[in-house]
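Residue numbers (this note's numbering): 3 to 145. Glycine included, each C-beta is placed from N, C-alpha and C at the ideal position.
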């Protein structure tokens, strides 16, 4: 019975060289995951993005031409199935980060308004507890 080497598929860990047009090489370890689990900063690559689609079905030792985003090719160095479960909290972390950024933006907007409106419409108080309370409720809802 012949032992087939693993190929890039959902829930596989891949070690790749991303070769740029300039000749620079960035080595990354990625795991191909579903959209819900994806978090590129953590190495969890959405199976539906062009980079993942280009690698699907290929194996270690292959070089794939890839001309997108300043890259010219992908060299697949190693492919192995993921033995442990892939964390599914990438999307939840992104939502929490976006909610936190939105709250910070709202605070900034209200502070700017309060300084600008004071001279024209009277004093305006920024309700920090309300803004931060909404942000904390959103984070608790994510857990």
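Query: Residues in the same chain with beta-carbon distance under 8 Å from residue 13, minus the five sequence neighbours each way, listed in chain order, please.; Result: 33, 34, 35, 83, 84 and 88
Query: Any idea which residues DSSP pairs residue 53 with across the strands?; Result: Answer is none; residue 53 lacks a bridge partner.
Query: Only counting the same chain, and skipping five residues up and downstream in sequence, which positions put a Cβ closer than 7 Å to that of residue 50?; Result: 37
Query: Within 10 angstroms of the Cβ of residue 113, are there 16 or more other Cβ atoms? Answer buried if so, exposed if not.; Result: exposed
Query: Can you tell which of 7, 73 and 55 has the C-alpha that lies nearest to the C-alpha of residue 25?; Result: 73
Query: From the DSSP output, in three-state form, read off residue 36 for me.; Result: coil
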